[in-house]
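The first sequence begins at 12 in my numbering and counts up by one.
As structure tokens, the structure follows; a few thoughts come after it.
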Amino acid sequence: MLDLKLIREQPTQVQELLNRRDSEGYDIQPILDLDRQQREIETKRSKLSAKGNEIGKTVGQKIRTGSDPKGAEIAALKEEGNNIKAQLAELEPQEKELKAHIENLLLQLPNLPNESTPIGKDETENVEIRRWGDEYISQDKKVLPHWEIGEQLGILEFKRAVKIAQSRFVNLVGAGAALERALINFMLDKQIEAGYTEIMPPVLVNTQSLTATGQLPKFAEESFKCDEDDLWLTPTAEVPLTNLYRGEILEASQLPIHHCAYTPCFRREAGSYGKDTRGLIRLHQFNKVELVKLVHPDNSEAEHQALVQNAEAILQALKLPYRVIELCTGDLGFGAAKCYDLEVWLPTSNTYREISSCSNFHDFQARRGDIRFKEAGKKGTKYLHTLNGSGLAIGRTMAAILENYQLPNGTVEIPEVLQPYIKREVL
RNA sequence: GGAGAGAUGGCCGAGUGGUCGAAGGCGCAGCACUGGAAAUGCUGUAACGGGGUAACUCGUUCGAGGGUUCGAAUCCCUCUCUCUCCGCCA
Numbered sequence: 012m013l014d015l016k017l018i019r020e021q022p023t024q025v026q027e028l029l030n031r032r033d034s035e036g037y038d039i040q041p042i043l044d045l046d047r048q049q050r051e052i053e054t055k056r057s058k059l060s061a062k063g064n065e066i067g068k069t070v071g072q073k074i075r076t077g078s079d080p081k082g083a084e085i086a087a088l089k090e091e092g093n094n095i096k097a098q099l100a101e102l103e104p105q106e107k108e109l110k111a112h113i114e115n116l117l118l119q120l121p122n123l124p125n126e127s128t129p130i131g132k133d134e135t136e137n138v139e140i141r142r143w144g145d146e147y148i149s150q151d152k153k154v155l156p157h158w159e160i161g162e163q164l165g166i167l168e169f170k171r172a173v174k175i176a177q178s179r180f181v182n183l184v185g186a187g188a189a190l191e192r193a194l195i196n197f198m199l200d201k202q203i204e205a206g207y208t209e210i211m212p213p214v215l216v217n218t219q220s221l222t223a224t225g226q227l228p229k230f231a232e233e234s235f236k237c238d239e240d241d242l243w244l245t246p247t248a249e250v251p252l253t254n255l256y257r258g259e260i261l262e263a264s265q266l267p268i269h270h271c272a273y274t275p276c277f278r279r280e281a282g283s284y285g286k287d288t289r290g291l292i293r294l295h296q297f298n299k300v301e302l303v304k305l306v307h308p309d310n311s312e313a314e315h316q317a318l319v320q321n322a323e324a325i326l327q328a329l330k331l332p333y334r335v336i337e338l339c340t341g342d343l344g345f346g347a348a349k350c351y352d353l354e355v356w357l358p359t360s361n362t363y364r365e366i367s368s369c370s371n372f373h374d375f376q377a378r379r380g381d382i383r384f385k386e387a388g389k390k391g392t393k394y395l396h397t398l399n400g401s402g403l404a405i406g407r408t409m410a411a412i413l414e415n416y417q418l419p420n421g422t423v424e425i426p427e428v429l430q431p432y433i434k435r436e437v438l
């Protein structure tokens, strides 16, 4: 959520930054108008309230010092008090409604892109920052797509998963399941070593949690909902991890907080019909190790760079070729101010595919989730900055391994760092 | 699912109609003591919104929403959540 005060005080700059995302998608004018109305009413209302409080106090004093509670003097004051109450009864609902309306509009506005975020209209204008691991790109043209090799090896089973659930689900079988577990453990171990504290959170989350991280209210159709209970299947561990501290005021000395978590993730993938229909790339349920940071605003840029490196370290350890791109303003996620994607090389599609997305949200989520900190000795509180990144998406990592580590004889080599986990060298 | 208890400041916790934005403690900050520190003593310390360059000032907030009253943390109603016991169960 954007700071209403910032919108009020620097409307031109705010509008300009929003236009960088989409030149006509967002208009802050209605918010400015409502805000002005709201403040006018607030001024009126609080003056009236002050008068009413004054009368209340006077009545109390008079009665205590001997006035007749049923006398004319008290009756007159009560009359005036009732009068004010009647006026307030008109103003208060108006103010409340305006506030709710403003809040509602604010919740629909995306974050402002960082000044440094490259300007562009869509993913074609994202900027490649660096590549790693070209030397590991195989020149072999006969590589099979990962779903074919997975089915051949009997480790991926799509048809029966469809029977159990529906399309876009998979069964991992035997060594496939073992490889998935190995990847989860390897990634967690690596991130714990890098200083993240592991959490195993609930994967059902409530509406408030999804609102804080920005999936709601705008993207309700993207998540699975349990209607009876105000619970949703989490689309990413970003949600439970970021919400760990929702509504709390932390001490500055507690920051930074670094958490990692493995969870299954659930996405409806509404509107992606026909895209990536085969394989592990786009499933309704997938596993992911997620990294989340809550940091002091002064450090968020450095923390962001470090986060990207923590994610990259996994790909490097697995010797999977990848590139880092920075998303342009037109491709930036709703809550992100700045975002780097890691894209892993998939030889059969002859392209790089997203395997991690590392975003800095600045105070956007913290404001929605009311996550603040206070500095010892200083008055007041501040919103902290939140960041998150995949470290990494497990299914896509599995796909990348199956394709990049294929041997001519149809088997797949296990990356060296995983061998201790899975206790074999070849699939 | 049945019965009961509870939700108060950064944290813990007292408070059953006006003197309550709220005792006390912890934490934090300042000062004193000390070579320095610990301990101790004194003092200060809620958030949010509006107005003001500022000092400051007004309002709102004691889980949420309604109600009674001139006046509600306190009384009434509804809801949410938490805890305890019983039942069921991985």
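Glycine residues also receive a C-beta, built at the ideal position from the N, C-alpha and C atoms.
Straight-line gap, residue i to residue j (C-alpha atoms, nearest Å)
i, j, result
"residue 391", "residue 168", "56 Å"
"residue 407", "residue 60", "60 Å"
"residue 171", "residue 291", "15 Å"
"residue 264", "residue 385", "9 Å"
"residue 134", "residue 372", "19 Å"
"residue 77", "residue 103", "34 Å"
"residue 380", "residue 226", "12 Å"
"residue 110", "residue 19", "14 Å"
"residue 236", "residue 153", "42 Å"
"residue 32", "residue 26", "10 Å"
"residue 424", "residue 12", "47 Å"
"residue 320", "residue 200", "16 Å"
"residue 309", "residue 395", "9 Å"
"residue 374", "residue 54", "29 Å"
"residue 51", "residue 288", "55 Å"
"residue 345", "residue 126", "16 Å"
"residue 144", "residue 282", "34 Å"
"residue 163", "residue 256", "46 Å"
"residue 156", "residue 359", "5 Å"
"residue 148", "residue 433", "24 Å"
"residue 130", "residue 94", "57 Å"
"residue 347", "residue 212", "23 Å"
"residue 82", "residue 62", "21 Å"
"residue 339", "residue 101", "47 Å"
"residue 84", "residue 48", "37 Å"
"residue 322", "residue 300", "10 Å"
Which residues DSSP lists as bridging residue i, in chain order
i, result
"residue 141", "335"
"residue 299", "274 and 404"
"residue 243", "216 and 236"
"residue 304", "269 and 398"
"residue 326", "Residue 326 pairs with nothing; no bridge assigned."
"residue 260", "383"
"residue 437", "424"
"residue 167", "183"
Residue burial classification, residue i (beta-carbon count within 10 angstroms, cutoff 16)
i, result
"residue 439", "An answer regarding residue 439 cannot be provided, because it is not within the stretch 12 to 438 covered by the chain."
"residue 284", "exposed"
"residue 97", "exposed"
"residue 366", "buried"
"residue 431", "exposed"
"residue 252", "buried"
"residue 114", "exposed"
"residue 361", "exposed"
"residue 160", "buried"
"residue 74", "exposed"
"residue 342", "buried"
"residue 187", "buried"
"residue 427", "exposed"
"residue 108", "exposed"
"residue 202", "buried"
"residue 399", "buried"
"residue 72", "exposed"
"residue 260", "exposed"
Distance cut-off 7 Å: residue i Cβ against heavy atoms of the ligand NAD
i, result
"residue 350", "No copy of the ligand NAD appears in this structure; indeed no ligand is present at all."
(request) Return the chain-ordered ranges of every beta strand (DSSP E) run that is complete within the segment 338 to 416 and spans a minimum of 3 residues. (result) 349 to 357, 362 to 371, 383 to 385 and 396 to 404
(request) Could you tell me whether the segment 321 to 333 touches the segment 113 to 128, using the rule of 3 or more Cβ pairs below 8 Å? (result) no
(message) I want to know whether the segment 238 to 249 touches the segment 214 to 226 - three or more CB-CB distances under 8 Å.
(response) yes
(message) Ignoring anything shorter than 4 residues, give me the alpha helix (DSSP H) runs that lie fully in the segment 41 to 126, in order along the chain.
(response) 83 to 119
(message) Quick test of the definition: if touching needs 3 or more C-beta pairs under 8 Å, does the segment 65 to 72 touch the segment 84 to 91?
(response) yes
(message) Whether or not the segment 395 to 403 and the segment 36 to 54 are in contact is what I'm after, with contact meaning three or more pairs of Cβ atoms, one per stretch, closer than 8 Å; do they touch?
(response) no
(request) Check whether the segment 198 to 208 touches the segment 260 to 279, counting contact only when three or more Cβ pairs, one atom from each stretch, lie closer than 8 Å. (result) yes
(request) Would you be able to state if there are at least three C-beta pairs under 8 Å between the segment 408 to 415 and the segment 306 to 315? (result) no
(message) What ranges does the alpha helix (DSSP H) occupy inside the segment 169 to 235, keeping only unbroken runs of at least 4 residues that lie completely in it?
(response) 170 to 175, 186 to 204 and 218 to 224
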